[in-house]
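There are 2 protein chains.
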Amino acid sequence: MNLNLLGYFRSGTSYRVRIALNYKGQSYSQDPVNLLEARHHDEAYRAHQPQGLVPTLQADGEDLIQSPAILEWIEESWPTPPLLPSDPRERAHVRAFAAVIGCDIHPIQNLRIMKHIKATYGLDQDGALEWARHWIHSGFEALEKLAHLHGKEGDFIFGDAPTMAEVYLVPQMYNARRFGVPLDHFPHLVRADAAATAHPAFEQAHPSNQPDAPHED
Amino acid sequence: MNLNLLGYFRSGTSYRVRIALNYKGQSYSQDPVNLLEARHHDEAYRAHQPQGLVPTLQADGEDLIQSPAILEWIEESWPTPPLLPSDPRERAHVRAFAAVIGCDIHPIQNLRIMKHIKATYGLDQDGALEWARHWIHSGFEALEKLAHLHGKEGDFIFGDAPTMAEVYLVPQMYNARRFGVPLDHFPHLVRADAAATAHPAFEQAHPSNQPDAPHED
Chain A
-15 MNLNLLGYFR
-5 SGTSYRVRIA
5 LNYKGQSYSQ
15 DPVNLLEARH
25 HDEAYRAHQP
35 QGLVPTLQAD
45 GEDLIQSPAI
55 LEWIEESWPT
65 PPLLPSDPRE
75 RAHVRAFAAV
85 IGCDIHPIQN
95 LRIMKHIKAT
105 YGLDQDGALE
115 WARHWIHSGF
125 EALEKLAHLH
135 GKEGDFIFGD
145 APTMAEVYLV
155 PQMYNARRFG
165 VPLDHFPHLV
175 RADAAATAHP
185 AFEQAHPSNQ
195 PDAPHED
Chain B
-15 MNLNLLGYFR
-5 SGTSYRVRIA
5 LNYKGQSYSQ
15 DPVNLLEARH
25 HDEAYRAHQP
35 QGLVPTLQAD
45 GEDLIQSPAI
55 LEWIEESWPT
65 PPLLPSDPRE
75 RAHVRAFAAV
85 IGCDIHPIQN
95 LRIMKHIKAT
105 YGLDQDGALE
115 WARHWIHSGF
125 EALEKLAHLH
135 GKEGDFIFGD
145 APTMAEVYLV
155 PQMYNARRFG
165 VPLDHFPHLV
175 RADAAATAHP
185 AFEQAHPSNQ
195 PDAPHED
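As they're listed, the protein sequences go chains A and B.
For the first sequence, this note's numbering gives the first residue as -15, with consecutive numbering after it.
For the second sequence, this note's numbering gives the first residue as -15, with consecutive numbering after it.
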């Protein structure tokens, strides 16, 4: 299948999709969409994704949008190695962990919301970062408890291999560090993040390894 | 299976779960969590759901949280009648439609965010409603385009029967009306919402038909 990713190196949702495709051993081309130059608001991009949000994954030319939907499609298309356990309730626990990030952390602190609160409530960059840190911190508190309640023995949240939990967690930890969120109180998250980032699929998906990342001379 | 829902009559995420269970013909008991009395912040509730958000679905006593995860679990547990199509890319389109609401509309305008912007930026109720209307409106613009791009012939967004699209859409339309969002520009959404709300599974899930809804004398 021909796969082409319209995304941005630093976008957490693009990062998730890169991780999952790498983990499944699928190769893909990339057409970067420069968010700082507001290319995602161009008509040309909005024809693929009416919200003007990244990423869009083109599968044989068909536009698939919204990373939670794309990730489920990837899991259904290439079930091995799995990113979800086989037991139905375990799947629900992994998906719940992912949804805390996918619904209640990332979308609250993404670029469009930060821009909106700055423009509407007159905040400066520090004020916007305060907002982002608040929602990341409160979400991480819940994730740490979920890891304690439902996690499994092993280096990852749900055992000895990465799952959708790490597909969502690693990009959110990257954002947390950029935004200056202290991580001392989240030992489960820090450990799983370290284990996952050492995996080649995750490493190759890192923002600094993307074609649109700025390179030092 | 013994199912018990810890939710709130007006919560959009609780409403989604009620719709799906009704649609699958599953009966369940309810233990309401009164959000206006802040019962979701009680230790007793947070032991089930560490974020202090509703709903929690107890399946034979096991706590399942985060409505996107609960809904996938319901679909996997009772595949008939389906709430997702069988074709993988069609499934991705339905899930993407749902995720626009589940990630980019509802969590931005839910009670905890509205409370936070009021407390932090000194907004009154009108200012908070302005915020909610903004994000609902921009999300609905994208959904209307997605319905046009990927929708199917029929009364519902994806054909002649409800899917996860309506499970998410109907509670969000209920919120949109409460918050005074004009709906004239969203004919696909209005039509699918009308078709779905006429279905007994959706009707019985309506906030006004729940045990914790205030009843007129």
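Just so you know, even glycine gets a beta-carbon here, dropped at the ideal spot from N, CA and C.
Please read all numbers here as calculations on a predicted model, not as lab measurements.
Kindly indicate which residue of the options has the alpha-carbon position closest to the one of residue i.
i         : options                                   : result
Lys129/A  : Val1/B, Gly45/B and Ala31/B               : Ala31/B
Asn94/B   : His118/B, Glu74/B and Pro72/B             : His118/B
Trp115/A  : Gly123/A, Gly106/A, Met98/A and Glu125/A  : Met98/A
His190/A  : Thr(-3)/A, Leu(-13)/A and Asp44/A         : Thr(-3)/A
Leu133/B  : Asp47/A, Phe163/A, Asn193/A and Ala112/A  : Asp47/A
Arg75/A   : Gln10/B, Ile49/B and Pro195/B             : Ile49/B
Leu37/B   : Asp44/B, His25/B and Asp196/B             : His25/B
Asp88/B   : Gln194/A, Val17/A, Pro65/A and Gln35/A    : Gln35/A
Gln156/A  : Pro91/A, Met(-15)/A, Glu27/A and Pro65/A  : Pro91/A
Phe(-7)/B : Gln14/B, Gly9/B, Ala103/B and Gln10/B     : Gln14/B
Gly86/A   : Pro195/A, Pro198/A, Ser(-5)/A and Arg23/A : Ser(-5)/A
Asp110/B  : Arg162/B, Asp144/B, Leu153/B and Gly135/B : Arg162/B
Arg73/B   : Gln10/A, Met(-15)/A and Asn159/A          : Met(-15)/A
Gln10/B   : Gln33/B, Pro63/B and Ala28/B              : Pro63/B
Pro66/B   : Ala43/B, Leu167/B and Asp144/B            : Asp144/B
Please work out which residues of its chain come closer than 7 Å, Cβ to Cβ, to residue i, disregarding the five sequence neighbours upstream and downstream, and give them in chain order.
i        : result
His121/B : Val165
Leu127/B : Phe81, Val84 and Leu173
Val78/A  : Leu68, Pro69, Phe142, Thr147, Met148 and Ala149
His183/B : Pro146
Phe170/B : Phe124 and Glu128
Leu107/A : Ile101
Val154/B : Ile3, Asp177, Ala180, Thr181 and Phe186
Val17/B  : Leu(-10), Gly(-9), Tyr(-8), Arg23, His24, Tyr29 and Val38
Asp44/B  : Met(-15) and Asn(-14)
Going by beta carbon distance, what residues of the same chain come within less than 6 Å of residue i, once the five residues before and after it are set aside?
i        : result
Tyr7/A   : Ala185
Ala4/B   : Leu55, Ile58 and Val151
Gln188/B : Asn6
Tyr12/A  : Leu(-13), Leu(-11) and Leu5
Lys102/B : Ala112
His100/B : none
Gln194/B : Phe(-7)
Ala131/B : Ile141 and His172
Glu27/A  : none
Gln33/B  : Thr40 and Ile49
Specify, as a first and last residue, the run of the alpha helix (DSSP H) that residue i falls within.
i        : result
Asp110/B : Gln109 to His134
Asn159/B : Met148 to Arg162
Leu55/B  : Ser51 to Ser61
Leu19/B  : Segment: none, Leu19/B is in no alpha helix (DSSP H) and carries neither H nor E.
Pro171/B : Pro171 to Thr181
Val1/A   : Gly(-4) to Tyr7
Ala28/B  : Glu27 to Arg30
Only counting the same chain, and skipping five residues up and downstream in sequence, which positions put a Cβ closer than 8 Å to that of residue i?
i        : result
Val1/B   : Leu(-11), Gly(-9), Pro39, Leu41, Ser51, Ile54, Leu55 and Ile58
Phe140/B : Pro146, Thr147, Ala149, Glu150, Ala176, Ala179 and Ala180
Leu19/B  : Tyr(-8), Arg(-6), Ser(-5), Val38 and Leu95
Taking DSSP as the reference, what is the three-state secondary structure of residue i?
i          : result
Gln188/A   : helix
Gly106/B   : coil
Asn(-14)/A : coil
Leu68/B    : coil
Gly143/B   : strand
Asp196/A   : coil
Glu46/B    : strand
What residue range does the beta strand (DSSP E) around residue i cover?
i       : result
Leu41/A : Thr40 to Ala43
Residues of chain D with CB under 7 Å from residue i, in chain order?
i       : result
Val84/A : The question asks about chain D, but that chain is absent: this structure's protein chains are A and B.
Looking at residue i and the ligand PLP, is the gap between the Cβ and the nearest heavy atom below 7 Å?
i        : result
Pro155/B : This structure does not include the ligand PLP; it has no bound ligands of any sort.
- prompt: Listed from N- to C-terminal order along the chain, which residues in the stretch 126 to 145 of chain B have their beta-carbon within a distance smaller than 7 Å of any beta-carbon of chain A?
  reply: Taking 7 Å as the Cβ-Cβ cut-off, the stretch 126 to 145 of chain B approaches chain A at Ala126, Lys129 and Leu130, given in chain order.
Item to complete: Name, going along the chain, the residues of the stretch 48 to 63 of chain A whose beta-carbon falls closer than 9 Å to a beta-carbon of chain B.
Response: Here the close residues are Leu48, Ile49, Gln50, Ser51, Pro52, Ala53, Ile54, Glu56, Trp57, Glu60 and Ser61.
When Cβ atoms are compared, which residues of the stretch 8 to 37 of chain A fall closer than 7 Å to chain B? Result list: Pro34 and Gln35.
Next item on the list: Could you please tell me which residues of the stretch 148 to 171 of chain A, in chain order, have their CB closer than 9 Å to any CB of chain B?
Entry: So nothing in the stretch comes that close.
Where the stretch 85 to 96 of chain A meets chain B: residues whose CB sits under 7 Å from a CB there: Listed in chain order, the positions of the stretch 85 to 96 of chain A with a beta carbon within less than 7 Å of a beta carbon of chain B are Gly86, Cys87, Asp88, Pro91 and Ile92.
Taking a cut of 9 Å between CB atoms, which residues from the stretch 62 to 81 of chain B lie near chain A?
-> Under the 9 Å Cβ criterion, the stretch 62 to 81 of chain B contributes Pro72, Arg73, Arg75, Ala76, His77, Val78, Arg79, Ala80 and Phe81.
Could you name the residues of the stretch 104 to 118 of chain B whose beta carbon sits closer than 7 Å to any beta carbon of chain A, in the order they occur along the chain? Listed by position, the residues of the stretch 104 to 118 of chain B near chain A (Cβ gap below 7 Å) are Tyr105.
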